Amino acid sequence: MIRRVLISLVVMLLLLVVLVTGLVTALVATEPGARLVVKQGVGFVPGELRIEQVSGTLLTGLRAGGVVYTHEALTATLESLDLQMELLPLAGLAVHINALDAQGLDLILTPDPDAPPSDPDAPFTLPDAIPMPVTVDLTQAVIQNIRFRTQEQAEPILVDAVRLSLHLDAERALIRDLDVQTPDIQVRASGRAALAQPYPLALSLDWQLDLPEAALELFPDEPAHGRLALEGDLGSLAIHHRLLGPVSLLSAGRIDQPITDLHLDLTHQWEPFELDLAPEQRLSVASGTLTTQGGLEAYELGLRTALQVTDLPALNLALTADGNLESLNLAPLSVSSPAGNLEVAGRLGWVDDPDWALQVRGRDLNPAEFVADLTGRLNLDLHTRGRLDPEQGVVAQVDLQRLAGQLRDYPVTGQGQVAIAGNTLNIPGLRLGVGDNRLSTRGQVSDTLALDFDLNAPDLPALWPGLEGRVIASGQVSGPLEAPVVSARADIRDLGLGNLSLARLDLDLEAGVSPDSPMRLDLEARDLRLGQDLELTSLSLQGRGTAQAHEINLDLEADQGQLGLTLDGALDEGPAWAGQLTRLDLDQPQAGTWQLETAVGLNASPQAAGLEDSLCLIQNQGRLCLDGNWSAEAGASADLQLTDLSLQILNPFLPPNLRVDGSLGATARLRLDDQLWLEARVQPSAGEIRLRDLDDEEHIIPYQDGQVDLLVEDRDITARLALGFLEGGQVDGRLDARQRDDGDLDLDGDVQVALDEFRWLMPLVPQVTDPGGRLRVDLTVGGTAADPRIEGLLTLTEGTAFITEAGITVEALNLELRNEGLERLVFEGDMRSGPGTLEVDGEVQLDGEDMPIIINVRGDRFQAVRRPDVQALVSPDLRITLIGQRAIVTGQVEIPEARVELVELPPQAVSVSRDELILDDGEEAGEALVVIARVRIILGDDVRISGYGLDARLTGDIAVQDSPGRPTRLVGEVRVAEGRYKAYGQDLTVERGIIVFQGPPENPGLNIRASRRVPAYDVVVGLEIGGTLEEPRSRVFSEPSMEDSDALAFLVTGRPLSGAGEGEATDIVAAVAMFGIERGGFITDRIGQEVGLDEFTVDTGTELEDSALMMGKYLSPRLFLRYSVGLFDRVNTVMLRYQLTRTLSLETRSSSEAQSMDLLYRRER
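Sequential numbering of the sequence shown, starting at 1, is according to our numbering.
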């Protein structure tokens, strides 16, 4: 019995175990069991939880979908959830989740409007400990695509992903890893915290923030990122944060009682950094410190740093402030710099309506730090108070209590008040003064205007350096804001600034925009200069009528021409203007007179403007018409047509011996909206070029028709050129530019020029006659607009020209010019003149500054001059470099053969007076070319010179040195290899002739010896000249030796002095004067004795040309007769002097030029 009972119990226990095991297995290992567990668990969750789909098992992993949870103000939806956890730890009240993966979490927080408001003053407290009924270990949790909104229609906050690994038990919380990713922020953190008072904790956090687009302009290189460390407990936390980029900032300190009674003690320090505010403007921030101490109800701030913006003075900032949750007191904010010192003290509030009350104090303010010409020292006291009203906006008052000081040594004063309340600006009074200039304004600006101003500026130079003149003006703006009425008067005199000037301007204006407002405008200006090229003699602008019906007249007079126009129209409330252009007169010296053919209607408004008919101007047979319209919707369009424009308008710009007869026509069509479209054609008709040569003979050169076409479609350009001219000459060209995807233009084009007629050159270069040759140009264009590729070749063959001034004909002239990219042009050529040739080559450096030009010239016996008086062959080897206005010449020039015939003036020729003064013709000379020369000149074996009695063959070698600012230097010598000199009918043989240059060319050294033989007396006499050209020394010599007077007589007359006649004696004396012979006085005394005269001398005066031979004889002891003969001007003078007393004499003079009688008084001292 007992055995049967035991067996039954065992069987029942086994059945129970099997049943329990099966039940547990069904719950954890089967999908229905999992659904059952989830369904039962939902009931224990506060709020409402719905799960649409459940799959998997608790043993292998659970998957849920369509999860919706609602509790009070929170609504959460989850697209899917995958959960893997260990079941055995549940028996020990531990939850171990191996993996949690959630997708599409949407959180919506909607506050309950019926919920009672929370008490902001209620303290927030934490319990002594946070109980944890179970231990939680989360190995890895990933939640992706999180959206958080405060209400259903609000813009959501997006979180890309959250990754979490943590451990929670009864004592602590351990965050092994927390990674949060949003579109703009990335956070990575780890830490630990105890779950009981005082809640000790340690947290480490790295973060990165993608800067907004506005900040990227200041920090383009890297995102903001930093590192935060917290350690301590809720009684006191040590904080350490380092901002690593884009600038370096270190924050350190303590936060005490962060939950119950927050108290901060923080210091922020930064290293110097710079911000690019604009392409040419940079903000430099010096190292600095910001300190924060206290709690939110009472804190103190301290700031020390310096700022500087490019080209502006540095600012040193110092701030001491205290505040609370309602306001901040500045005590004060100090700004010091070279531009002065500024202090701002007062209060800033932000509870309810933000408000302020500030006192601004400036001292020693110097505007020259910002505007160099405005040196000064100003003091400023200003008070402002106001608030931001939710209905009115800004409500503020600014009281300029005092502005005083000096500006460019002129006293400055200022005082006034300005108040603003919403859209109303009230100015009780504002007065400013600089020197004697005063400006005052007062009034109100709101829906109704009532604003007055007065300007009395008799001393404009006090306002700005270089400003001249005086201005007196007053005015008033009144009426409704939508239709104001302006009344103003101005009197301006002698206004000037830089290249702008105005002698006089009078303005009287009264006008409004309402239809019935009267309009009166009178503006008169005189002598208005705008820049260097435009000067208006007078300007008159008059308007009469009302806005609804008025007439405006404008008349301009200038040296460049005259302009007059009249407009009749009306302004409606659109606002829109409609009327007619009834007069348009243009009179310009070069373009001629153009007049409006007939009145044309005009209209204009903010939305559209245009011509109602064609605007046509006429001039003789010429006619220019324009049609055009614009609208904000369709863009602009214009058509232009020009017919029969006489090309005679070009003649004033051409040389006086060149004229053009012909006409020109042109058409153009323009469309401009989102894209540009332009089609134009220019067609000159056949005509003639008339030119006159140096002999005043007219040459007529016909030219043929031509055509230039241009088509622009957005950025695509097509251009064609075809011109026929000058009896067979032709120019053809094309250019195609096509837009690329990168915004650049592909270029494809070419130009060909064929020209076989060069007579048109003669009036342009009058020194050249009979030019000829064949000119060909072949140019191709490729590449892009940003990187063009140009290949060109210019050739001139069979060229000829006669150079009139040189008297030579250049033949076989060949020249070739080609480019090497855009960097340089290279050229080479050769030509022939006379028996020789000349070769040139060189380059133009297009990419260099001032476009340097290098020319190499080489030649052999080239005929450089062929005139009756001069003929020369040259063999140059020169290098010429042109850089801007400088010419550098180096090398040598050999003159193998030359003939120079000095033209002798006839005896009756009159020389130019030394007192003659050449006056400038008034034309402004261009910028002079500065020449730097190092040239060697070699005279060959066949260089001859003749004239003035000299016939010689010269040789020599001279180095020419010429530098700016220094006199020209010549180093070398010229020798007379052989020669003869004829004077006074005698032939002298030049035995030695050397001219030595050692510096200035006008004063070379002389070493000359010339002689003659007198066979009748078996005498050799001669002349030796030494010294310099300015101070020569002459000496006569003879063989056999004799007195100088006899030697000079033999040299001049061929006989001794005793055999010389009176005329020959004069020649001898003239020779003494001309050659400056040593002991000349002795020679003239000797001649006087020979002819029996009391006086026989040479008076040289101040110049050699004034020399005269004076011969005198006492007719009695008191009566003296003198006869003088000019040695060079041949003027004869007779002087008779009679001695009345010892100190008084009477003297008469008579010549072919003048007669005189003088009473002379002489007193000896």
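Yeah, the Cβ is synthetic: ideal placement off N, Cα and C, and Gly gets one too. Here the structure is a predicted model, which is why all the values come from computation and not from measurement.
Take Ser1011, set aside five residues on each side of it, and the residues of its chain with a beta-carbon closer than 7 Å to its own are Leu988, Thr989, Glu991, Val1020, Val1021, Gly1022, in chain order. No Cβ-Cβ contact shorter than 9 Å links Gln683 with Leu670. Along the stretch 982-1048, the beta strand (DSSP E) occurs as fully enclosed runs of 3 or more residues at 986-999, 1005-1014, 1019-1027, 1032-1039, listed in sequence order. Excluding sequence positions up to five before and after Glu1002, its CB lies within less than 8 Å of the CB of Leu1029, Glu1030, all in the same chain and listed in chain order. Leu970 is not a Cβ neighbour of Thr955, given a cutoff of 9 Å. Scanning the stretch 201-239 from its first residue to its last, the whole alpha helix (DSSP H) runs of 4-plus residues come out as 213-216. Contact between Phe453 and Gly469 does not hold, since their C-beta atoms are separated by about 19 Å, which reaches or exceeds 8 Å. By the Cβ-count criterion, Arg1162 is exposed, with fewer than 16 other Cβ atoms from all chains shown falling within 10 Å of its own Cβ. The alpha-carbon separation between Ser833 and Arg944 amounts to approximately 20 Å. The beta carbons of Cys625 and Leu615 sit about 7 Å from each other, so the pair counts as a contact at 8 Å.
Taking a contact as a CB-CB distance under 8 Å, the pair Asp555 and Gly564 counts as one, their CB atoms being some 5 Å apart. Only residues of its own chain outside the window of five on either side were considered, and among them Ser284, Val285, Ala286, Ser287 have a CB closer than 8 Å to the CB of Pro272, listed in chain order. Annotation: Arg867 is outside any beta strand (DSSP E) and is labelled neither H nor E by DSSP.
Check the Cα spacing between Leu481 and each of Arg176, Ala488, Leu449, Ala511: the tightest is with Leu449.
Going by DSSP, Val781 is part of the beta strand (DSSP E) stretching over 768-783. Going by DSSP, Phe273 is part of the beta strand (DSSP E) stretching over 273-278.
Distance from the CA atom of Asp516 to the CA atom of Ala570, rounded to whole angstroms, is 11 Å. For Val1052, the secondary structure class from DSSP, reduced to helix, strand or coil, is helix.
Rounded to whole angstroms, the gap between the alpha carbons of Glu688 and Leu775 is 21 Å.
Assignment of Leu650 by DSSP, reduced to helix, strand and coil, places it in the helix class. Secondary structure at Arg35: helix, using DSSP grouped into helix, strand and coil. A contact is defined here as three or more CB-CB pairs under 8 Å, and the stretch 844-859 meets this definition with respect to the stretch 872-887. Secondary structure note for Phe148: its beta strand (DSSP E) is the uninterrupted segment 135-149. Arg442 places its beta carbon 9 Å or farther from that of Leu455. Rounded to the nearest whole angstrom, the C-alpha separation of Trp630 and Ala636 is 4 Å. Residue state for Glu633 is assigned as coil, using DSSP reduced to three classes. Sorting Gly1026, Gln998, Tyr1017 by C-alpha distance to the C-alpha of Ile1008 places Gly1026 at the top.
A direct Cα-Cα distance of roughly 15 Å separates Ala141 from Ser190. Per the DSSP secondary-structure output, Ile259 pairs with nothing in a beta bridge.
A direct Cα-to-Cα measurement between Thr375 and Thr413 gives close to 16 Å. In this structure, DSSP gives Leu358 an extended state, which the three-state scheme calls strand. DSSP, reduced to helix, strand and coil, places Glu369 within a helical segment of the structure shown. In this structure Asp527 is not in contact with Gln562, their Cβ atoms being roughly 15 Å apart against a cut-off of 8 Å. Annotation: the continuous beta strand (DSSP E) that includes Thr795 extends over 788-803.
Here Leu90 carries a helix assignment [DSSP, helix/strand/coil]. The beta-bridge partner set that DSSP reports for Thr289 consists of Gln269, Arg304.
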